[in-house]
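Asks: Quick note: the sequence shown uses full-length UniProt numbering, first residue 1, plus one each step. Even glycine gets a Cβ: it sits at the ideal position worked out from N, Cα and C. Before anything else, here's the structure in question.
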Amino acid sequence: MAAGDAVITPGLTRALIDAVRQQRTTHPLHQASGLDTLTGREHDVLIAAASGWSNAEIAERLSIAPTTVKTHVSNILAKIGARARVQAVAFAYESGLIRPAA
């Protein structure tokens, strides 16, 4: 773990996505409009987060500050109606933005 950020395995990611899908009946995400409301940079950050990158890794690879990554993640959560990063990851998969590895 870098800078206190947790990295999760693909198996755990799948389990978390499944858990979020089951919970969606009480807190649905706004998929139809969610992707359309993201800026280009938020889109990049969401793809990176859904790929399992930590905030520190996203910051380094996109040449932005870690606090900027956190701001983008917060904006993404607000725009898609999610409460947690794992819900944003589920949103990325369910909207087709990213595909699970075979």
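Over the uninterrupted alpha helix (DSSP H) stretch that includes Pro66, give me the two end residues.
Replies: Start at 1 with the first residue of the sequence shown, and residue 66 comes out as number 66. Run containing Pro66: 66-80, per the alpha helix (DSSP H) assignment.
Asks: Compare the C-alpha of Ala70 against each of Ala59, Lys79, Ile80 and name the closest.
Replies: Residue 70 sits at position 70 when you count from the first residue of the sequence shown. According to the sequence provided, residue 70 is Lys. The question's Ala does not apply to it. Considering only alpha carbons, the answer is Ala59.
Asks: Taking 8 Å as the cut-off, decide whether the C-beta atoms of Asn55 and Pro66 are in contact.
Replies: What you label residue 55 is simply residue 55 of the sequence shown in a count that begins at 1. What you label residue 66 is simply residue 66 of the sequence shown in a count that begins at 1. Yes.
Asks: Here's the rule I'm using: 16 or more other beta-carbon atoms within 10 Å means buried, otherwise exposed. How should His27 be labelled?
Replies: Taking the first residue of the sequence shown as position 1, residue 27 is located at position 27. Confidence is the limiting factor: at His27 the pLDDT is only 49, short of 50, which leaves the residue's position unreliable and the question unanswerable from this model.
Asks: With DSSP as the reference, label Ile47 as helix, strand or coil.
Replies: In the sequence shown, residue 47 corresponds to position 47, counting from 1. Ile47 falls in the helix class under three-state DSSP.
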